[in-house]
Structures are given as structure tokens and as C-alpha cells.
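Numbering (UniProt numbering), first residue to last: 1 to 370. Before any comments, here is the structure.
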């Protein structure tokens, strides 16, 4: 986007724009952005403060508004993103058959390696009615593939509606998994969201990302199995196959609990494609821990894996001083060891993908032609 904006400025000498930084990273250390030339800094939850920030910038006053909110759900904006862009890169292409639709923000999981809770804040969900209205409008405009977005999308909980049938219920977790915070009471859950969106039309394909494996209670899996327009693909980030490493990561489950979930998923949704994330060389990881991750990839048979070498980053970078791992753990795995383990994880993942794809030969699949 920055390069496209630069090109637009060069093509239109009379066009001017205030220099601002926004989003998650700017939220942590606004002084850094201001020091390199930004006129003002606007955090993710502070968009309502933009008129004041712009007015001050025009008066030559730098400013920052970065406070995180427990109430802001972005219900008054349309955060949809189409998968294609127009030529100038500044407006969406309404002819795109696919779109991203943001349904919630923030994360309560507090994994030790992750910065998201500190830059996105606590979980807040958009009202279900606004999501359904937007999804229906997208379908009427020709969109046939919608991806529901959230930092922890399947923890969705709309508590803005009058208490309904979920009055006395609490958030249900995947059996064998636990959470940092107390379960939320009442509200409409992810299963309600999937149910309503999938009813818009049987021709509207539904995907969602990125989920946490702790938030897949049986009713969610059963709904995915029943609704053929909810794609039979689940992203189940494992991160590691070692119980010791998972505990250091604060993931809230063991390898056995994870494998039990995979077994339940495959029984409930025949032919499902499962993808995952893995981190190589996390703090304190031994060769035995690493081999457990390789073995997990082989045992599950993922359709695709996303693997990354762990990095604590330089301590001088403000945003990495906020992770729990930075304060509590030691990044003690040598870089060359991380890189080797990373390549070994990728090799295991590629082999699993090959075997999964070979199993699809001869099958008839429904595809979306773009």
C-alpha cells in the first residue's frame, strides 16, 4: 500500500496526504513512529479520533491516540476486504468473487511467544446482525466466497444482543483444552455465526481464519459437517508436538489432547483437510522435543503446514519486549539449529501434503473459478 500511495503522489503533484502510522505495531511504541516523520499515530481502536488528529496535524501538532478499548467492536464501519484490488490500489474491486469479512478483534490466549494480545487487546466481537447484513450484501454483489476473519475467530461471542437461549451457558471449549480467562457467559457464539452466514445461500462458500484449537466444541464440528457450503478445511495450529514446549508456550493443551481433537474432526467431517502452524527452536526445545513435532506432522497427515524458526528478535525492538517469553524464558537454541529444525519440519510437511494430495486423485471436487 505504501508503494502504491507513493506512485499516486508522483502521478498527482497536487495530491497531499497526512503522514500517519496505524495498526498493531504502531500501537506499542508511538514515539518511534513520530520520530521517523509521521504526523500522527492512530491505534486500531482509535479511528474515531482521526478528525482531531488530522486537525492537529494541519496545525503542525504531532499526536498519538493508541489506547486499546474493551468495547470497540467496529460495528459502525465496514471492514470487508476484497481479494483483488483496483489499478490504483486504493479502492476495492467490486467484481471480485471472494471477500474477507472481519468478525472479531483481539485475543485472550496469551501464548508466551505472541504479541497479539498486547497490540490488538482483549477479544471483542462485532454484532452478529451487522455481519449477516454485510455478508448478504456481498452475496448480492456477486461475492461467492467469504472468509470470516479474526485473531482468534472461533472464540467469537456477540454479547451485544438481549440475553437469549444462551443466558446461562458459558463458552464451551474443546475437550482436554483450557483457557487463561474465565469462560464468557451468555451471548451468541461462533456456531451461531456460522449457522446464520451459511443460511444466506447454499451457493455462498464460507471459510474462516485464524482459529485456536481450544474453540472447537462438538456443535461447531457437527455444523461444518452438515452445511456443505462451509468448506471442509480446518486450520488447527499445533505449534509443537512436545508437551514440555507446549507448556512453555502457554498453549493450553497436550499433544494427546490435540490428537484426540484431530481424531474427532476426522470422524465428524469425512475428507476434511487439516492445516497447521509449527515453530522450530522455541525456548528450551531439545532434539527430543523437535522429533515430537516431526512425528506429529507425520501422524496427523496435514494437507499443508506453515513452519517458522522462532525468533525473540532484538531486545531493542520495542514490540518484542512485551511478549511473556521475552520476560520469562531464554532464547537458547542456536540459530543454525533452529534453521535445521525448520527445514526438517518443512520437509515433513511437504511429504504429508504430497500424500494428502495423492489421496485426492480420482475424486470430484467443487471449485470456485475466479
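Even for Gly, the Cβ is constructed at its ideal location relative to N, Cα and C.
*Distance, Cα to Cα, residue 351 vs residue 63?*
51 Å
*If we ignore side chains and look at the alpha-carbon of each, how far apart do residue 292 and residue 130 end up?*
44 Å
*Identify which residue in 327, 336 and 301 has its Cα closest to the Cα of residue 354.*
301
*asked:* Using a Cβ distance threshold of 8 Å, determine whether the stretch 147-162 contacts the stretch 94-113, with at least three qualifying pairs required.
replied: yes
*Are residue 285 and residue 341 closer than 9 Å when you measure CB to CB?*
yes
*asked:* My output table needs one value for residue 155: the three-state DSSP class, helix, strand or coil.
replied: helix
*Could you check the C-alpha separation between residue 127 and residue 172 for me, to the nearest Å?*
20 Å
*For residue 267, count neighbouring Cβ atoms within 10 angstroms of its own Cβ and tell me buried if that reaches 16, exposed if not.*
exposed
*Quick one: using the 10 Å Cβ neighbour count with 16 as the cut-off for buried, is residue 96 buried or exposed?*
buried
_Inter-residue spacing [alpha-carbon to alpha-carbon] between residue 98 and residue 356_ = 25 Å
*Taking the alpha-carbon positions, what's the residue 197 to residue 224 distance?*
12 Å
*Is the Cβ-Cβ distance between residue 253 and residue 304 less than 9 Å?*
no
*Rounded to whole angstroms, how far is the Cβ of residue 279 from the Cβ of residue 258, which I believe are closer than 8 Å?*
Going by Cβ atoms, the distance from residue 279 to residue 258 rounds to 14 Å, so no, they are not a contact pair.
*residue 113 versus 366, 298, 244 and 325, residue with shortest Cα-Cα distance*: 325
*Mapping DSSP to helix, strand and coil, what is residue 234?*
strand
*At which residues does the alpha helix (DSSP H) containing residue 309 begin and terminate?*
Segment 304-309 is the beta strand (DSSP E) holding residue 309; no alpha helix (DSSP H) there.
*Can you tell which of 200, 366 and 287 has the C-alpha that lies nearest to the C-alpha of residue 139?*
200
_Going by the DSSP bridge assignment, what does residue 189 pair with across the sheet?_
157
*How should residue 287 be labelled, buried or exposed, when 16 other C-beta atoms within 10 angstroms of its C-beta is the threshold for buried?*
exposed
*Ends of the alpha helix (DSSP H) at residue 277?*
Residue 277 -> not in any alpha helix (DSSP H); beta strand (DSSP E) instead, spanning 273-280.
_Do residue 154 and residue 215 have their beta-carbon atoms positioned less than 9 Å apart in this structure?_
yes
*Which residues in the same chain as residue 136 place their Cβ atom closer than 6 Å to its Cβ, once the five residues preceding and following it in sequence are excluded?*
200
*Of the residues 141, 188, 211 and 312, the one placed nearest residue 108, counting alpha carbons only*: 211
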